[in-house]
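Undergrad: Position in the sequence shown counted from 1, then plus 132, gives you the working numbering.
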Amino acid sequence: MEKRDTLIALVDCNSFYASCEKLFRPDLKNRPVIVLSNNDSCIVAASSEAKKAGLKRGLPLFQQKQLIESCGAAVFSSNYTLYADISRRVIMALGELAPSIETYSIDEAFIEVPFRLGADPHKIASYGREVREKVTRYTGIPVSVGISSTKTLAKAASRLAKKNNKGEMEHLYIIDNENRIPSLKAVAVEDVWGIGMRYSLFLRERGIHTAYAFSLLDPWWVKKKMTLTGYRTLLELNGEKQVNPEDPSSGKKAIISSRQFGRPVTSLEELLEAVSDYATGASEKLYRQSSSAGAVTVVLETDRHREGEKYYSAGRSFLFPSPVSYTPDIIKASCALMKEIYSSGYNYKRAGVILTDIASTDKMQKELFEEINESGERKKLQQAVSEINFRYGRNTLSSLSRGTGTLKWQMRRQRLSPRYTTDINDFPVVSAG
Ligand SMILES: [Mg+2]
């Protein structure tokens, strides 16, 4: 991903939570759908129909009762277990299309584009379309694709992609040298990745209203006023790739270590070996970043294109009692998860280990973690891993709703949709005839 002139795409699921809810409810296809935050207090996702009706993300529920009724919107509580599972499927689909993937959040991932800056624009566009179409075909989730030479520009492109809603370039936007200036003029400064609300106000007060105006500022002034993050953002908008454009302490990043096997793998033994290897690779990356992970996910998949064979795909997450960076802990948890999802009788094509809830650990914190690990914490971890079996649905939930771990049992979720994909009792039932 950090190679100098390879292009990067940001793949962003459209109205992700609302799209997940629609997936299993064909009756809601063209109806407004909204999803509520924890405790059902405000709107966190709105389908395009809901947005048209005026229901937006961030609005408190109690103020919108009338509008919801008048437009006939379907209302759901957040079903994180479902969203996490669909998110994993999107990542697996991207795995078939891109040489490397970096998930950014539950509904966004950066992928390496197999073209370089300056390549034939038609070829780049047709690759973008392929990504968009395949993800939607495999998962049912509509996505937007923004392509450019840096992550910050790809993010800006994905914003513009959302506005393209018809024709060949539907939900697709490419920022290249030719259109960079008009594109950045169309992006508001507060919508630039890496510029927070506070700095947007600061910039607007100084007459800087667009991404383009920001890109023209003196880099040294920006560094002084807006720290290294602002400086890197500025360079990225000018097409200069930065190794770490976004603040590493934001905790949104994930580390993925996933590979296709050279031949079909069937035995659990071999899969455990592979997973240990991936877990080691991911831990090393974590260590190099001086970070720790709050959760680990293991995924497993057969070849969906192999004729005459049943397709099987599974994934499960585990939330660590406290963030870890110690390789053996990550290997242990990954192997326990693999044992949970393994099903015999399949030819597996791919497995992977994904570390999420990543936060930087300064030296003191690191020592603290080590100390904790030396005492009772390690025992607690093992005990917790063995409990995954019957708790996994809840774990998946807490691993993706950062910061609400202790609240998960008290969450009020009155309008929760069934766990369609992860709980066998909630599978949708299809009857024919
Ligand atoms: Mg999205």
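In this text, a Cβ means the ideal position worked out from N, Cα and C, and glycines have one as well.
Source: prediction; values computed, not measured.
To which residues does DSSP link C174 through a beta bridge?
TA: Answer is P192, bridged to C174.
Undergrad: Measuring straight from C-alpha to C-alpha, what distance separates R220 and G278?
TA: Their Cα atoms are separated by approximately 20 Å.
Undergrad: Evaluate the contact criterion for the region 435-454 versus the region 408-423: three or more CB pairs, one atom per stretch, below 8 Å.
TA: Not touching, per the Cβ criterion.
Undergrad: Reducing DSSP to helix, strand and coil, say where L229 ends up.
TA: Looking at L229 - three-state DSSP - the assignment turns out to be coil, as it is neither helix nor strand.
Undergrad: Which residue marks the beginning of the alpha helix (DSSP H) containing I463, and which one marks its end?
TA: First-last of the alpha helix (DSSP H) with I463: 459-473.
Undergrad: I'd like the ranges of any alpha helix (DSSP H) spanning at least 4 consecutive residues and lying wholly in the region 244-293.
TA: You should have 253-271.
Undergrad: For K442, does the three-state DSSP call read helix, strand or coil?
TA: The answer is coil: DSSP assigns K442 none of H, G, I, E or B.
Undergrad: With a cut-off of 8 Å, do at least 3 Cβ pairs link the region 424-440 to the region 466-481?
TA: The region 424-440 is in contact with the region 466-481.
Undergrad: Is there at least one non-hydrogen atom of ligand 1 closer than 7 Å to the beta-carbon of D239?
TA: Yes - ligand 1 has a heavy atom lying nearer than 7 Å to the Cβ of D239.
Undergrad: Which one of P314, Q421, E153 has the shortest CA to CA distance from T115?
TA: The structure shown does not extend to residue 115, since the chain is modelled only from 133 through 565, so no value can be given for it.
Undergrad: Ligand 1 heavy atoms versus the CB of D350: any closer than 7 Å?
TA: No, since every heavy atom of ligand 1 falls outside the 7 Å radius drawn around the Cβ of D350.
Undergrad: Taking DSSP as the reference, what is the three-state secondary structure of N211?
TA: Three-state result, N211: coil.
Undergrad: Assuming S276 contacts H254 (C-beta within less than 8 Å), just tell me the rounded distance between them.
TA: At roughly 20 Å, the Cβ-Cβ gap does not stay under 8 Å, so S276 and H254 are not in contact.
Undergrad: Let me see if you follow: with CB-CB separation under 8 Å, is Y419 close to chain C or not?
TA: Absent from the structure is chain C; it holds one protein chain and no more.
Undergrad: Are there 16 or more other CB atoms within 10 angstroms of the CB of R194, so buried, or fewer, so exposed?
TA: What sits at residue 194 in the sequence shown is Phe, not Arg. Burial call: exposed.
Undergrad: Please indicate yes or no: does the CB of F242 lie closer than 7 Å to some heavy atom of ligand 1?
TA: No; taking the cut-off as 7 Å, the Cβ of F242 has no heavy atom of ligand 1 nearer than that.
Undergrad: Look at T282 and G371 and say whether their C-beta atoms are less than 8 Å apart.
TA: Yes, these two residues count as a Cβ contact at 8 Å.
Undergrad: Would you say S280 and L316 are within 8 Å of each other, going by their C-beta atoms?
TA: No, the Cβ-Cβ distance between S280 and L316 is not below 8 Å.
Undergrad: If we ignore side chains and look at the alpha-carbon of each, how far apart do R264 and P274 end up?
TA: Spanning the two alpha carbons is a distance of roughly 7 Å.
Undergrad: So, helix, strand or coil for I238, using DSSP?
TA: Reduced to three states, the DSSP call for I238 is coil.
Undergrad: Which of the three DSSP states, helix, strand or coil, is assigned to K390?
TA: In the sequence as presented, Lys is not what sits at residue 390; that position holds Ser. Of the three classes helix, strand and coil, the one that applies to S390 here is strand, per DSSP.
Undergrad: Whole angstroms is fine: what's the gap from I223's alpha carbon to A241's?
TA: Their Cα atoms are separated by approximately 8 Å.
Undergrad: Between V456 and I462, how many whole angstroms is the CB-CB distance? I'm expecting something under 8 Å.
TA: Indeed they touch by this definition, with Cβ atoms about 6 Å apart.
Undergrad: Going by the C-beta, is N146 closer than 7 Å to any heavy atom of ligand 1?
TA: Correct: N146 has its Cβ closer than 7 Å to ligand 1.
Undergrad: Answer yes or no: do E439 and N479 have a C-beta to C-beta separation smaller than 8 Å?
TA: The answer is no: Cβ separation not under 8 Å.
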